[in-house]
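Quick notes on the structure that follows.
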Amino acid sequence: MGEHFAAHHEPAYRAKQVADWLYEKRVDSFEAMTDLPAATRARLAEEFNFVRPEVVRVLGSKDTTRKFLFRLADDSLIESVLIPASPALYGETSDRRTACVSTQVGCAYGCKFCASGLEGFSRNLEASEIVDQLLAIEKESGERIDNIVFMGMGEPLANLTNLLRAIRIINAPWGLEIGARHITISTSGLAPQIRKLALEPTQFRLAISLHGATDDVRDRIMPVNQKYNLATLLEACDYYVAQKKRLLFEYILIAGVNDSDEQAHKLAQHALRLSAKINLIPYNSVEGLEWSRPSRNRQETFLHILREHGAVATLRREKGHDIDAACGQLRLQTKRAEENILAL
Ligand code: SAH
Ligand code: SF4
8 MGEHFAAHHE PAYRAKQVAD WLYEKRVDSF EAMTDLPAAT RARLAEEFNF
58 VRPEVVRVLG SKDTTRKFLF RLADDSLIES VLIPASPALY GETSDRRTAC
108 VSTQVGCAYG CKFCASGLEG FSRNLEASEI VDQLLAIEKE SGERIDNIVF
158 MGMGEPLANL TNLLRAIRII NAPWGLEIGA RHITISTSGL APQIRKLALE
208 PTQFRLAISL HGATDDVRDR IMPVNQKYNL ATLLEACDYY VAQKKRLLFE
258 YILIAGVNDS DEQAHKLAQH ALRLSAKINL IPYNSVEGLE WSRPSRNRQE
308 TFLHILREHG AVATLRREKG HDIDAACGQL RLQTKRAEEN ILAL
């Protein structure tokens, strides 16, 4: 914006005015930015797009987790989730409102248990489309978001440039002003990008979706492991942690796949090597997929083994199971319903 106004010989403070209208007053058009000259507003409307995502569906759940399905300008569907409080996510009590946002339409990484990967990859989200999810959630819910997790649809590190641009807007005093420590990026294990993130000055948090403590288990459920195997991933994590940054491991528990005692022992060793916390997440079943979560008893045993090793671990009693809050599920249902209607 600063560059735009400089090029048009307008005062530099115009950029601040626009940011104020966008992120403070949150208007829906350039026309509404009434302290800008009419000619300036008209030119902005000509040179920039001002499209907000359309809210297609909002699902609330009993524990008041809410899920939002948005339609973008090109008709793509994406989802976001608002989670009122999420203590187990960080292993500390909290009354934060967390927004879980998407970074891509679909996902190219095709993890075998995930609804987002089922229909393949369409495109990266623009930085504006990432930030717009937050604005739309706040508008729809009337709540203020104070915590953000990039755990919606897509692989954030495969859209690194736009992700970092979005984080800059979210972080900035002229933007949403949410502290970097309240922002968590989740990745399925893109080793080179993890190394790049290690050199970023912003203090966001990084979560690694491990889901398997050996190559054979990861190979079975996460195709990304064929590109960056466990040794390569853990070395990138070593590098990341060496820059004095803390890591979190996410580990979905899937019955008969990754929930054995042996996996727990190995997982604990990886976590201790990196001083990483472990967040165990019972698998959320996805329509059409064969996987299921282990019994409560097995989940507790797995947790117990981790703790015996001295690893810091929590077992998530996840919210939103009743509204299919696992990533990609709402979109998949809606897309399939629309395809069925078209096919009629
Ligand atoms: N692509 C990134 C971020 C989005 S997925 C990643 O994979 O980390 C966010 C988290 O949700 C990941 O840990 C992912 O493995 C998990 N997830 C996907 N499908 C799930 C399901 N059905 N039940 C529970 N967690 C799921
Ligand atoms: Fe993509 Fe993450 Fe789903 Fe894997 S778990 S398919 S990386 S969104």
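The opening position of the sequence shown corresponds to residue 8 in our numbering, with each subsequent residue numbered one higher.
No residue lacks a Cβ here, since even glycine has one placed at the ideal position from N, Cα and C.
Note that the structure is a prediction, hence the values are computed from the model and not measured.
*Give the secondary structure of residue 246 by DSSP, where H, G and I count as helix, E and B as strand, and everything else as coil.*
helix
*Among residues of its own chain, excluding the 5 on either side of residue 253, which ones have a beta-carbon nearer than 6 Å to its beta-carbon?*
none
*Measuring from the CB of residue 244, is there a heavy atom of the ligand SF4 at a distance below 7 Å?*
no
*Run the proximity test for residue 163: is its beta-carbon closer than 7 Å to any non-hydrogen atom belonging to the ligand SAH?*
yes
*Any contact of the stretch 117-127 with the stretch 57-75, i.e. 3+ C-beta pairs under 8 Å?*
no
*Any heavy atom of the ligand SF4 closer than 7 Å to the Cβ of residue 116?*
yes
*Under 8 Å between the Cβ atoms of residue 144 and residue 87?*
yes
_Contact belief for residue 287 with residue 310 at Cβ below 8 Å, rounded distance in angstroms_ = 6 Å
*Is the beta carbon of residue 288 within less than 7 Å of some heavy atom of the ligand SAH?*
yes
*When DSSP labels each residue in this structure, what does residue 113 get in the three-state scheme?*
strand
*Rank 307, 83, 92, 103 by C-alpha distance to the C-alpha of residue 109 and give the top, closest one.*
83
*asked:* I need the boundaries of the beta strand (DSSP E) containing residue 289, first residue and last residue.
replied: 284-289
_Same chain, Cβ closer than 7 Å to residue 236, five either side skipped, listed in chain order_ = 222
*Span separating the alpha-carbon of residue 9 from that of residue 135*: 17 Å
*asked:* Count Cβ pairs between the stretch 201-214 and the stretch 262-271 that sit closer than 8 Å; are there 3 or more?
replied: no
*Helix or strand or just coil, what does DSSP make of residue 73?*
strand
_Pairwise C-alpha distance: residue 11 and residue 213_ = 34 Å
*Where does the unbroken alpha helix (DSSP H) through residue 124 begin, and where does it stop?*
122-125
_Measuring only the C-alpha atoms, how far is residue 50 from residue 31?_
22 Å
_What does the Cβ neighbour count give for residue 179, buried or exposed, with the cut at 16 atoms within 10 Å?_
exposed
*State the start and end residues of the unbroken beta strand (DSSP E) segment that holds residue 131.*
128-131
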